[in-house]
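Visitor:
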Amino acid sequence: PATWLSARRRTILVFFDRGPAAGVERLAVARYDVGRLFTGAWDPAAEPDPWRRLAALIAERDPATIALNRSATFALADGLTATEYETFREALPARFHDRLVSGERLAIGWLETRIPEEMAVYPMIVRLAHAIIAEGLSERAIQPGVTTTEDLAWWFRERVRSLGLTAWFHPSVDVQRPEGDARDGDFSARPGVTVIRPGDLVHVDFGLTYLRLNTDTQQHAYVLRPGETDAPEGLRRALAVGNRLQDILTEQFVAGRTGNAILRAALEQARAEGIEATIYTHPIGYHGHGAGPTIGLWDRQEGVPGRGDYPLFPHTAHSIELNAAVPVPEWGGQQVRIMLEEDAYFDGT
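Numbering (the numbering used here), first residue to last: 120 to 468.
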């Protein structure tokens, strides 16, 4: 974990591409070096204004383009405030103004790429999230007829804190049951606090953060009725349909294919197999909803302009998030939404 939790004062980081032989020069417009990666390149006694010092560094190197942390499409590549941009532009000699470009691809590419050192621990972090969910969806946390969905959501929050970790969003817990509205579990029609009862299909959405990496997982559990030893066949079949939809989506993961193209191909295959599918998959990593291609939104199944047009790259992680609506005979043909989310790593093959 980092020992610098935040910048104390304004710190400007500069990368200068010197070519294949010399590599990338890393500078910081700061009084001191930033870690072991960035060399401090500012003497306030010689030039009190950090923006003018930045402009001088640029003029000395005369780059062909100047990429800034600005983007009209990705918030994660749009960290430069309007005031900082205006102040920088005022300090920059006019001859460089037409060289200013968005550094969107550089920022997103850096954020989305998972390095071997991260992948050595990421599977363990996901296993930890799975273990917490398994515990939460058990008699250790649920007493049917007493425990509410809100109780269980807070149980997850407390369990994470007891391990010295954090949840990057408040967990959500909901149930579907035979007499429930077919829209139960839909994003736009979430029910209020509900007592968990035998015969309920419980759904949890949970994510934790460890070593700056995030997880995002959705799973289900069935609460057995007295005398039952397994979930009804219709629910087990519905889960199998949801699992098949996961396979359909990941089969469309091809390096260079855009998020919208992946979405379109997966939905076409799902329809061909008679699956009523909704896909809303997103990258994950340093951010829960991370940098990279958006593969559908729950209310944008026709595609997502901009973020969905970004291509899929190898060495990236994604939350395979989706749902399949399946009728359950034992529930009078009522549709159940199998809402699943599992974290996956794409190695390019």
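Positions of the beta carbon are idealized from the N, C-alpha and C atoms, including for glycine. Computed from a predicted model, the values in this text were never measured in an experiment.
Please classify Thr268: does DSSP put it in a helix, a strand, or coil?
Guide: Three-state DSSP puts Thr268 in a helix.
Visitor: On the DSSP bridge assignment, give the partners of Arg419 in chain order.
Guide: DSSP lists Leu416 as partners of Arg419.
Visitor: Kindly indicate which three-state DSSP category Tyr241 falls into: helix, strand or coil?
Guide: Helix.
Visitor: Less than 8 Å between the CB atoms is what I'm expecting for Gly415 and Thr400, so what's the real figure, rounded?
Guide: About 6 Å separates the two Cβ atoms, so the contact holds.
Visitor: Can you tell which of Gly452, Leu282, Leu284 and Phe288 has the C-alpha that lies nearest to the C-alpha of Ala272?
Guide: Nearest option by C-alpha distance: Phe288.
Visitor: May I have the straight-line CA-CA distance separating Ala301 from Gly353, to the nearest angstrom?
Guide: For Ala301, the predicted structure reports a pLDDT of 45, less than 50, and the residue's modelled location is therefore unreliable. A value from the coordinates is still provided. Rounded to the nearest angstrom, the two C-alpha atoms are 15 Å apart.
Visitor: Just to confirm my understanding: we take Arg356, look at its own chain, exclude 5 residues before and 5 after, and list those with CB closer than 6 Å. What are they?
Guide: Same-chain partners within the cutoff: there are none.
Visitor: Give the secondary structure of Thr397 by DSSP, where H, G and I count as helix, E and B as strand, and everything else as coil.
Guide: Strand at Thr397.
Visitor: Can you tell which of Ile185, His216, Thr313 and Glu237 has its C-alpha closest to the C-alpha of Leu132?
Guide: Considering only alpha carbons, the answer is Ile185.
Visitor: Going by CA-CA distance only, name the one from Phe207, His437, Arg218 and Ala226 that's closest to Ala194.
Guide: The candidate whose alpha carbon is nearest that of Ala194 is Ala226.
Visitor: In angstroms with no decimal places, state the Cα-to-Cα distance between Ser281 and Asp136.
Guide: Each residue's alpha carbon lies about 45 Å from the other.
Visitor: With DSSP collapsed to three states, give me the class of Ala301.
Guide: Confidence at Ala301 is low in this model, with a pLDDT of 45, below 50, so the placement of that residue should be treated as unreliable; the coordinate-derived value is given next. Of the three classes helix, strand and coil, the one that applies to Ala301 here is coil, per DSSP.
Visitor: Which residue marks the beginning of the beta strand (DSSP E) containing Glu460, and which one marks its end?
Guide: From DSSP, the beta strand (DSSP E) with Glu460 extends over Gln453 to Phe465.
Visitor: If you pair each beta-carbon of the segment 320–331 with each one of the segment 419–427, do three or more pairs fall below 8 Å?
Guide: Too few Cβ pairs lie closer than 8 Å, so no.
Visitor: Leaving out five residues before and five after Phe157 in sequence, what residues of the same chain have Cβ atoms less than 7 Å from its Cβ?
Guide: Leu132, Arg145, Leu146 and Ala147, listed in sequence order.
Visitor: According to DSSP, simplified to helix, strand and coil, what is Ile482?
Guide: Nothing can be reported for residue 482: it is not among the residues displayed for the chain, which extend from 120 to 468.
Visitor: Helix, strand or coil: how does DSSP classify Tyr204 here?
Guide: Helix at Tyr204.
Visitor: Within this structure, are the beta carbons of Ile381 and Gln371 separated by less than 7 Å?
Guide: Cβ distance < 7 Å, so Ile381 and Gln371 count as in contact.
Visitor: Could you give the DSSP three-state label for His406: helix, strand or coil?
Guide: Correct three-state label for His406: coil.
Visitor: Starting from the C-beta of Leu199, find all residues in its chain whose C-beta is less than 7 Å away, skip the five residues before and the five after it, and write them out in chain order.
Guide: For Leu199, where only same-chain residues beyond five positions count, the Cβ hits under 7 Å are Leu187, Asn188 and Arg189.
Visitor: Give the DSSP bridge partners of Pro446, in chain order.
Guide: In the DSSP output, where bridge partners are listed per residue, Pro446 has Gln454.
Visitor: Could you name the residues of the same chain whose beta carbon sits closer than 6 Å to that of Gly452, not counting the 5 residues immediately before and after it, in chain order?
Guide: Cβ within range, chain order: Pro446.
Visitor: Following the continuous beta strand (DSSP E) through Ala469, name the residue where it begins and the one where it ends.
Guide: Past the boundaries of the shown model lies residue 469; the chain is included only from 120 to 468, so the question cannot be answered.
Visitor: Which residue from Arg155, Asp152 and Phe215 puts its Cα closest to that of Ala178?
Guide: The shortest Cα separation from Ala178 among Arg155, Asp152 and Phe215 belongs to Phe215.
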